[in-house]
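Chains as they are written, first to last, in the working numbering: chain A, 1 to 352; chain B, 353 to 704.
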């Protein structure tokens, strides 16, 4: 993890792997750029790390490489797209551009998208709009996934259901990027692989008993990840999950009623222009008043200081741009293997 | 609690108290109707129960009784209103009507409102739009309130920050009505008054230690309610709280930067028309597929069956309309006192 790489070398590597894997240059350019930005923000689970997962999807044709999305409906401030399983980063870049343009006109723009492929790190996307002065909200679910049981139930039905909100502030954007379950599928896999238990009962076994054991997802009957609030007040996380699936599946007209099995991402994207409301100045005045009250809050025992979501990303971005990007060994192991298969040369770390 | 009252007698009582308290008939009619519906839905903390809290606000002029809201901005799909501390139920009824009309045209309508007075039970409001076939989301905060500390901090800064989502389904609307903290201010007061402790550490004392003791809110330094997720994963509830305050305060241009001390409600209301997206039929097909998968889910130990938010409200409404409305003794105690002061006669229960 110690070695650092330039953003160019990470992006070039992602681009080379994706194009050798069958993605055309124009789409690979966009995907590689967003994956690199994700690593720069320190979200190393969703940057270059994703490429070895995308390559088999490209090889099997499950990630579409040609054509474009279909416009299912367009009413100006609301849109529905069918993403045709094209690369999610590429689709979302266009969706963001269009929604920002529409929000400038209408004040708000909402786009529900069905059948995108994986859209990657949500705060990499919301940050694009927040940097441009917009409020940006993304809800996403995968109707083929079932990892979370409804509160009070035992059989997994829901995805972790990520949701993100990005908005401007005086210093750097606030970047909320969270989900409706206590932990994520990738975190569960990480704990299974490293034979660790969670510190708290974040899982439910197949009989509905809370447990710290991530292995319950590989047992029969299959266990699940608890919704936010856990066994204590998980009805709140369940409420969030229902909201995310309603926005991303019911509004886009594609979801669990179709018993989907293909890896994909349904998306609900909303962009708002504070200038159409009370103005960007009034907006950032209120955001900064609240952020200041939080950051200057006397910390609880064991806490150094209160952070606003996005503070760590801003620090990581500065560090990445001055010192270079470092990635976990686990990422390099899988990337090295993929590069070997495709005959792509690995970059050299920054000397120093 | 055993005695039942007709909806007419509850509504007449609320109307009589409010008009004697100084609210003009037209506004009192709307407020009394929504408070009665709230009691019919079984949310007895927010129905007739609120009238004794509104009366001193009317008497002191802090709840405005005449005039109307100011339109701060109107871009068709987005609006900002200044509510001038008029009764929240009355303002929200007009806001909902307008947003439903605008959503029919634009697909989506967002209204940020500053300086409303208390808007009451959120699901009573979202239900109006959901029954008419719309998706309805309400976020509300009171910039004069401070009950929840930022995650990692110790000093209360945020309100519990309620948020609600209502949307159509084949049987009855889904009515999510929750908040960004584990419990509410009224629940804390109830536990303080009845000298009870919470079963789990839902509170934080003034030094930042989790506790089951609700009395920490009356100590110095003042304790707080933990955000959803508690000390385990309360960064998720904190993220929700920041989102609710951003939507309701920053977009409306009025919030904590002004050191507000007057009881009020800032609101962010969003209405969407599924017909402008993939259609209402496709919408309810997906909602029902998910609801069925949840309701038929094998229940966890100690659970009778999984419920969808809104199921209990639907049952309570049926019961209230057939058997009458019953209210807790605590509500009758305060209402009886207020009725005595204003010379309003109490209704008789339904004989049975």
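The C-beta atom is built at its ideal place from N, Cα and C for all residues, glycine as well.
Note that this is a predicted model, so its numbers are computed, not measured.
| Query | Result |
| --- | --- |
| Beta-bridge pairing of residue 624 of chain B - partner residues as DSSP gives them | B:460 and B:487 |
| Test: residue 398 of chain B CB closer than 8 Å to a CB of chain A | no |
| Rounded straight-line distance, which links the Cα of residue 172 of chain A to that of residue 586 of chain B | 23 Å |
| Extent of the continuous beta strand (DSSP E) run through residue 707 of chain B | Look at the range of chain B in this structure, 353 to 704, and you will see that residue 707 of chain B is not part of it. |
| Exposed unless 16 or more other CB atoms sit within 10 angstroms - verdict on residue 437 of chain B | buried |
| Closest residue to residue 149 of chain A among A:140, A:141, A:159 and A:142 (Cα-Cα distance) | A:159 |
| With 16 other Cβ atoms within 10 Å as the buried cut-off, status of residue 657 of chain B | exposed |
| Range of the contiguous beta strand (DSSP E) that encloses residue 519 of chain B | 514 to 519 |
| Interface residues of the region 78 to 98 of chain A facing chain B [CB-CB below 9 Å] | 78, 79 and 80 |
| Host beta strand (DSSP E) of residue 316 of chain A (start-end) | Note, residue 316 of chain A: premise wrong, no beta strand (DSSP E); alpha helix (DSSP H) at 311 to 323. |
| Residues near residue 116 of chain A by beta carbon distance below 6 Å, same chain, minus five either side | 83, 88, 91, 265 and 267 |
| Contacts of residue 467 of chain B in chain A (Cβ-Cβ under 8 Å) | Neighbours of residue 467 of chain B on chain A: none; closest Cβ ~12 Å, over 8 Å. |
| Between the CA atoms of residue 646 of chain B and residue 126 of chain A - distance to the nearest angstrom | 31 Å |
| Minimum Cβ-Cβ distance from residue 341 of chain A to chain B less than 8 Å | no |
| 8 Å Cβ cutoff met for residue 309 of chain A and residue 182 of chain A | no |
| Beta carbon of residue 40 of chain A nearer than 8 Å to that of residue 334 of chain A | no |
| Residue environment, residue 325 of chain B, which counts as buried when at least 16 other CB atoms sit within 10 Å | Nothing about residue 325 of chain B can be read from this structure; chain B reaches only from 353 to 704. |
| Cα-Cα separation between residue 651 of chain B and residue 204 of chain A, rounded to whole angstroms | 12 Å |
| Contact residues within the region 217 to 241 of chain A, judged by C-beta distance below 9 Å to chain B | 221, 228, 229, 230, 231, 232, 233, 235, 236, 237, 238, 239 and 240 |
| With 16 other Cβ atoms within 10 Å as the buried cut-off, status of residue 61 of chain A | exposed |
| Residues bridged to residue 78 of chain A [DSSP beta-bridge criterion] | A:110 |
| Three-pair Cβ contact test at 8 Å for the region 127 to 136 of chain A versus the region 271 to 278 of chain A | yes |
| Cutoff 8 Å: residue 524 of chain B Cβ touching any chain A Cβ | no |
| Whole-angstrom C-beta distance between residue 623 of chain B and residue 461 of chain B, which should lie under 8 Å | 5 Å |
| Backbone CA spacing between residue 339 of chain A and residue 346 of chain A [nearest angstrom] | 7 Å |
| Any C-beta of chain A under 8 Å from that of residue 491 of chain B | no |
| Run of the alpha helix (DSSP H) containing residue 20 of chain A, from where it starts to where it stops | 7 to 20 |
| CB contact check: residue 646 of chain B to chain A, cutoff 8 Å | yes |
| C-beta atoms of residue 591 of chain B and residue 178 of chain A nearer than 8 Å | yes |
| Cβ-Cβ distance between residue 14 of chain A and residue 51 of chain A below 8 Å | yes |
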